[in-house]
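Following this note's numbering from start to finish, the sequence shown increments by one per residue and tops out at 357. Inspection log for the structure reproduced underneath, given as structure tokens.
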Amino acid sequence: MEGINSDSCPVVSGVPLGSVLGPLLFLVYINDLPNSLDQRTNVRLFADDCLLYRPIMGPDDSAQLQADLGMLTDWETKWQMSFNPTKCETIHITTKKQPIITTYTLQNHPLRRSMDARYLGINITPNLSWNTHIKNVVGKASQTLGFVQRTLRACSSQVKKTAYLSIVRPKLEYAVSVWDPHTKTNIKKLEGVQRRAARFCVGDFRRTSSVSAMLQSLNWPSLKNRRNRSKLHMLYKMKNNLVDTNLPPQTLQPATRRPLHFIEPHSTILAYQHSFFPSTIRLWNQLSDKCKQANTITTYDSQLPQPYHSYNDVQRP
């Protein structure tokens, strides 16, 4: 009630939920966690999630990673914060036929080896295939679209369109810069959700009707087009230090003869060829010099060409 204060209570541990200062205090509290780990072990902290990874080239690397897990146990003892080993898991990302597989422990509890690890809403598999993630994304988006169709059946086209753009399409585009698919099968699965939504918004379910014409009337670009745009936005921000990514100097190397071009990284591994940097650099190098030299993200966005994509230039699975 306005004007009324609750009784005071001392907080001896933890952080009050829903407070403004709480998240900052928690981050300060755990900020020294990476300091006790080996320099070659990478650690990523996001809210209360902690991710450790390092290249495993031999038994010594496995032993060091286990030692780092031991250091985490010492850290939690020191600061009276307990990890839950039953919620922790490991994943071995490799293309080797005979990889080095090690069972790691935390608090003497063997960590489960996962073939489908979920990190910050992204499904990661040992071969870095996005099939599982896209299957989950399409499933959740389809469920939400089904709910919208049942609930807003009698509503106007504008209401239906707003619902799709607000609560369905975001499910299809969360973190797309990371998992943008290159196979025709996965691209069609994602586009299929939007095509069903277009029929619903227009109210035309006839087989003879053109869904492409519906999409054009709704002014909805393809999801592939939007993913390309999203990746180019991210690359522009990285190039101009608008996001804190801490990239190695060799990541974005200007071409010798065309300084506004970047050298495309090469690899025989398909997953890497179609990962963010190689695929986005290919798109970047097709842009005009005027677009690349844009002073603001708004100017840059207005000069991006359309469309980026046709189904003829994607690989079959």
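Glycine included, every Cβ here is placed at the ideal spot set by N, Cα and C.
How about LEU192 and LYS200: are their beta carbons less than 8 Å apart? yes
Of all the beta strand (DSSP E) runs that stay within the bounds of the stretch 87–152, which reach a length of 3 or more residues? 89–93
DSSP state of THR202 mapped onto helix, strand, coil: helix
Residue environment, THR308, which counts as buried when at least 16 other CB atoms sit within 10 Å: exposed
What residue range is occupied by the uninterrupted alpha helix (DSSP H) comprising ARG267? 263–279
From this set, ALA203, LYS175, ILE303, which residue's C-alpha is nearest LYS228's C-alpha? LYS175
Hey, VAL216 and SER270: beta-carbon distance below 8 Å or not? yes
Could you pull out every residue in the same chain whose Cβ sits closer than 8 Å to the Cβ of PRO99, ignoring the five residues on either side in sequence? ILE140
For the structure I just gave you, are there three or more beta carbon pairs, one from the stretch 180–190 and one from the stretch 129–144, closer than 8 Å? no
Suppose contacts are defined by Cβ-Cβ distances below 8 Å. Is VAL218 in contact with PHE317 by that definition? no
Using the Cα positions of ASP108 and ASP78, report the straight-line distance between them to the nearest angstrom. 7 Å
Helix, strand or coil for TYR312 per DSSP? helix
Per DSSP, ALA157 is paired with what? ILE164
If you measure between the beta carbons of ILE131 and ALA157, is that distance less than 8 Å? yes
What residue range does the alpha helix (DSSP H) around LEU70 cover? In the sequence as displayed, the identity of residue 70 is Ile instead of Leu. From DSSP, the alpha helix (DSSP H) with ILE70 extends over 62–70.
I'd like to confirm the pairing. Which residues does DSSP put opposite LEU327 in its beta bridges? DSSP lists no partner for LEU327.
Start and end of the alpha helix (DSSP H) containing GLU213? 209–213
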